[in-house]
Amino acid sequence: MDLIEKVQNAVVNAGSSYDEDRLIAYENALKLEKELDNENAVWALQQMIENFKVAKENKLPLCDDTGIPHVLIEIGKNREIPKSFFNDINIGIAQGLDKLPGRPMAVKGNDIERIEQSQGLYSESNMMKPASFLIEQKDESTYGRVIGIDDDKIKITILLEGGGPEIRAKTYRVFHKRDSNIVFGEALDWLKESLAMLGCTPSIPAIGVGRTHFEANALMLRAMAHGNLNTQSEIENYITDELNKTNIGPLGLGGKTTVLGSFVNIGSQRASGVRIVATRPACFVEPRVSSFEF
């Protein structure tokens, strides 16, 4: 299987299926809400699980908002990049969006026309171009320590990012005052507010803590790409517990399952009074992610 086909399949898999850790989390949440006799929460979770089963069986999108493709690339130190590498990835994404199919939502026109959306939309799914690629080697952030790849391999991860969580996401500076509780307290305040307005809970919020706005968001994206609900850290469990105290519940209908878990990625820091924090609440179909090595 060539790179184009691998990328195409990754787009379809990301848009139509969940990993095993997510399924386990949903089943556990359903069991809890049944025990607590939260009828609305039980109904909502049952619909979500059924939605997943239908999407997986028929290779259909989990949501009508099929998202913006984001590409994360990890390169082993002895691996060379083929000449057509980036072109093949773009072709694979276009073919994957056609096959999924992706929702046609790429905007026509020049710079101003695209902002104003005055020239309409392209009718083809494949006109939705991916965001800038994130390319890196293993680093010292939370998830960088545990992922890594073989020296002679390249790992490609496809993330599909929907619009609802982007509306509620936030990146801002926090004056830490040498206390991590202040940093995560600010992030929790942002997430509590955004989850109450999101509408499509339960969420798996992601948090990145870095030195710049770009770095914080890159860390957050990597957390979404590589986080696992079966291996949650102490701080991730803390974030989850605090958010579930809100009783927002599935679809905002009330209940103990506002979030299924959380992904927190802490990168390098600088001598400064501030930390840059990126948060993204995620809807119940996210993170939509698929990875492969070659």
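Residue numbering for the sequence shown is 14 to 307, as defined by this note's numbering.
For each residue, glycine too, the CB sits at the ideal point set by N, CA and C.
Keep in mind it's a predicted model, so treat the numbers as computed, not measured.
First through last residue of the beta strand (DSSP E) which encompasses residue i
i, result
"Thr292", "287-293"
"Phe297", "Note, Phe297: premise wrong, no beta strand (DSSP E); not H, not E."
"His226", "Looking at the DSSP string, His226 is not in any beta strand (DSSP E); the run it does join, the alpha helix (DSSP H), is 226-239."
"Ile104", "Counting along the chain, Ile104 falls outside any beta strand (DSSP E), though it belongs to the alpha helix (DSSP H) covering 98-112."
"Glu149", "147-149"
"Asn278", "276-279"
"Ile220", "219-223"
Distance between beta carbons of residue j and residue i, contact taken as under 8 angstroms
i, j, result
"Asn278", "Ser154", "5 angstroms"
"Ala68", "Leu75", "5 angstroms"
"Gly221", "Ala209", "Rounded, the Cβ-Cβ distance is 22 angstroms, inconsistent with contact."
"Arg186", "Ile289", "6 angstroms"
"Asp78", "Arg116", "6 angstroms"
"Leu264", "Cys213", "7 angstroms"
"Gly268", "Asn53", "7 angstroms"
"Glu46", "Thr184", "Actually they are not in contact, since the Cβ atoms of Glu46 and Thr184 sit about 33 angstroms apart, beyond 8 angstroms."
"Gly122", "Gln108", "Incorrect: roughly 25 angstroms between the Cβ atoms, too far for contact."
"Ala295", "Ser246", "That pair is no contact at about 17 angstroms."
"Gly286", "His189", "7 angstroms"
"Asp165", "Arg92", "5 angstroms"
Residue i, buried or exposed, once every other Cβ within 10 Å from all chains shown has been counted against 16
i, result
"Gly176", "exposed"
"Ser138", "buried"
"Asp50", "exposed"
"Lys19", "buried"
"Thr244", "exposed"
"Thr292", "buried"
"Lys310", "Since the displayed the chain opens at 14 and closes at 307, residue 310 lies outside it and no answer follows."
"Gly80", "buried"
"Ala284", "exposed"
"Asn100", "exposed"
"Met14", "exposed"
"Asn257", "buried"
"Ile102", "buried"
"Arg191", "exposed"
"Pro300", "buried"
"Gly144", "Strictly speaking, residue 144 in this sequence is Ala, with Gly absent from that position. The residue is exposed, with fewer than 16 neighbouring Cβ atoms inside 10 Å."
First and last residue of the uninterrupted alpha helix (DSSP H) at residue i
i, result
"Gly133", "From DSSP, Gly133 is part of no alpha helix (DSSP H); its letter is neither H nor E."
"Arg35", "33-48"
"Ser30", "Premise fails: Ser30 is in no alpha helix (DSSP H) and is neither H nor E."
"Glu70", "52-71"
"Asp254", "247-257"
Residues that residue i bridges to, as DSSP identifies them
i, result
"His189", "For His189, which the question treats as bridged, DSSP gives no partner whatsoever."
"Thr170", "Leu85, Ser304"
"Val120", "Leu134"
Three-way DSSP call (helix, strand, coil) for residue i in this model
i, result
"Leu242", "coil"
"Phe305", "strand"
"Thr270", "coil"
"Ser216", "strand"
"Thr184", "strand"
"Gly177", "helix"
"Ala16", "The question names Ala, yet the displayed sequence has Leu at residue 16. Residue state, collapsed to three classes: helix."
"Asp202", "helix"
"Pro143", "coil"
"Ser207", "helix"
"Pro263", "helix"
"Ile195", "helix"
"Glu126", "helix"
"Asn91", "coil"
"Ile23", "A quick correction: the sequence has Ala, not Ile, at residue 23. Here Ala23 sits in helix by DSSP."
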